[in-house]
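Numbering (UniProt numbering), first residue to last: 1 to 139.
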């Protein structure tokens with residue numbers, strides 16, 4: 001069975017919408033960001049949901065192309081890198097995303113709001129990279 005491109009595309013649209021929301025936080029200082037729980041709570045949710053959408057896309061591709069069975073979210077990205085779908089150079093970043101997602105879900109009381117701000121100001125382009133790789137290969 002081939003890829004469900006509509007499913008992938010809807011997740012890509014969802015990620016792009018979340019990234020637009022997150023980019024708004026780049027307009028304020030870190031002090032302003034961490035001073036208001038609405039900022040970091042909204043950002044944390046949008047980051048988590050976007051990372052989960054990346055993982056969903058990854059697992060869909062892995063499943064439909066019979067590339068293996070990932071045992072962890074991070075391993076999903078590793079399988080994509082091993083198969084040339086994403087660059088090996090970016091694997092560390094996507095593995096960190098999977099770890100961050102797990103931390104938000106399971107160790108939510110240990111999240112540093114300054115870390116969330118750093119991700120927003122330094123790593124949103126990594127989502128764009130992933131989307132471009134998927135889009136260029138499958139669309």
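Just so it is clear, CB atoms sit at the ideal spot from N, CA and C, and this is done for glycine as well. A quick note: this is a predicted structure, and the numbers were derived from the prediction, not measured.
Three-state class that DSSP yields for residue i in the structure shown
i           : result
residue 27  : helix
residue 123 : coil
residue 72  : coil
residue 83  : coil
residue 112 : coil
residue 22  : helix
residue 139 : coil
Member of the options whose CA lies at the smallest distance from the CA of residue i
i           : options             : result
residue 119 : 19, 3 and 10        : 19
residue 95  : 108, 105 and 81     : 81
residue 117 : 110, 31, 7 and 15   : 31
residue 133 : 123, 105, 68 and 87 : 87
N-terminal and C-terminal residue of the alpha helix (DSSP H) that residue i is part of
i           : result
residue 103 : 91–106
residue 39  : 37–64
Anticipated Cβ contact below 8 angstroms, residue i with residue j, distance rounded
i           : j          : result
residue 101 : residue 23 : Wrong, their Cβ atoms sit about 19 angstroms apart, outside the cutoff.
residue 43  : residue 14 : At roughly 16 angstroms, the Cβ-Cβ gap does not stay under 8 angstroms, so residue 43 and residue 14 are not in contact.
residue 129 : residue 90 : 6 angstroms
Buried/exposed call for residue i, threshold 16 Cβ in 10 Å
i           : result
residue 37  : exposed
residue 1   : exposed
residue 114 : exposed
residue 28  : exposed
residue 78  : buried
residue 58  : buried
residue 201 : Nothing can be reported for residue 201: it is not among the residues displayed for the chain, which extend from 1 to 139.
Distance cut-off 7 angstroms: residue i Cβ against heavy atoms of the ligand COA
i          : result
residue 51 : Although the ligand COA was asked about, the structure shown includes no ligands whatsoever.
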